[in-house]
Every structure is written in C-alpha cells, then in structure tokens.
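Just so you know, the sequence shown maps onto residues 1 to 135 in my numbering.
Beta carbons: idealized from backbone N, C-alpha and C, even for Gly.
A quick note: this is a predicted structure, and the numbers were derived from the prediction, not measured.
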Amino acid sequence: MGTVENKQLLQNIFSEISHGDARPFIEGLVDDVRWTLIGSTSWSRTFEGKRAILTDLLMPLGAKLANPIQLTAYRFIAEDDFVVVQARGTNNTTKDGKPYNNTYCFVFRLADGKIQEVTEYADTELVTSALGELG
C-alpha cells in the first residue's frame with residue numbers, strides 16, 4: 001500500500017474510534033506491533049506485541065473509563081510508510097467521574113496495510129491526574 005492508502009486506512013479506523021468502535025484498530029495491528037507512550041508516567045513505556053498492548057495497555061485503560069474511549073481525529077499527515085494523526089478525546093470520563101479528553105499526536109508506521117508501530121504523544125499530566133498509576 002502507498003501513502004494515500006495508508007492515510008485512508010487510518011482515516012477509516014479513526015472514524016470508527018470516534019463512535020467508540022476500536023475493533024478496526026485492533027484488527028489493523030500486526031502481532032509483533034510496538035507501541036511507545038512517550039513521557040515519564042507509569043503508563044509511559046514501549047509495549048511489545050499485540051497481546052501486550054491489549055492486556056497491559058488497552059484493558060487497563062478500559063477498566064479506568066466509564067465507556068469505550070472515543071477520539072476525534074482532525075489532522076492526518078502521510079509520507080511514505082508513516083501517517084501522523086492528531087486527535088482529541090471526546091466525551092471520555094473515568095469511572096470515578098474525572099473527565100479524560102486528552103490531546104494526542106500518534107505517529108504510525110505501516111506496511112502491507114497493517115500497523116507495525118505506534119508512537120503516542122499526549123498530555124502526560126492529564127494521564128496521571130485522571131487515570132492514576134498503571135499497575
């Protein structure tokens with residue numbers, strides 16, 4: 001797939017996420033995907049592999065939130081195998097009532113129509129204040 005197709009793939013995935021459906025995103029990850037959360041919080045690290053991302057990142061995040069996370073992407077920039085996506089959380093609240101509408105910049109590396117690598121930049125102060133520690 002080329003630059004245009006990679007960008008369209010991410011646009012489709014984020015369209016679904018904006019409605020609370022993360023399935024296309026999960027299906028788009030290769031088994032040995034790497035996801036790095038930049039920063040120095042307990043959430044900040046590199047998760048190696050789809051299983052680790054699901055069990056060590058997404059499930060704990062889901063356990064903290066009242067509903068499935070919703071993000072609205074507003075900018076897609078693509079070059080070669082990379083797509084940069086800027087997004088904002090919308091209508092996200094923790095189970096203890098704290099708003100969690102972070103602002104994100106994701107850098108995706110794709111190959112053959114699948115997500116190989118994700119680097120996530122976000123408001124780490126909000127991560128800590130709203131989500132607390134990652135166990």
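Where does R51 fall in DSSP's three states?
helix
Out of L10, R51 and D81, which one is the CA nearest neighbour of D31?
R51
Cα-Cα separation, L37 to V127
Distance between the alpha carbons of L37 and V127: 11 Å.
Inter-stretch contact (C-beta, 8 Å, three-pair minimum) for the segment 99-117 and the segment 16-23
no
One question on the structure: do S129 and K98 come within less than 9 Å of each other, judged by their Cβ atoms?
yes
According to DSSP, simplified to helix, strand and coil, what is D31?
strand
How is G97 classed by DSSP in three states: helix, strand or coil?
coil
If you draw a straight line from the alpha carbon of Y121 to that of W43, how long is it in whole angstroms?
12 Å
With DSSP as the reference, identify every bridge partner of R75, one or two as the case may be.
Q86
So if DSSP puts F106 in a beta bridge, which residue, or which two residues, is it bridged to?
V85 and E120
Which residue from I115, P60 and D56 puts its Cα closest to that of I26?
I115
So is I69 buried or exposed if we call it buried at 16+ other beta carbons inside 10 Å?
buried
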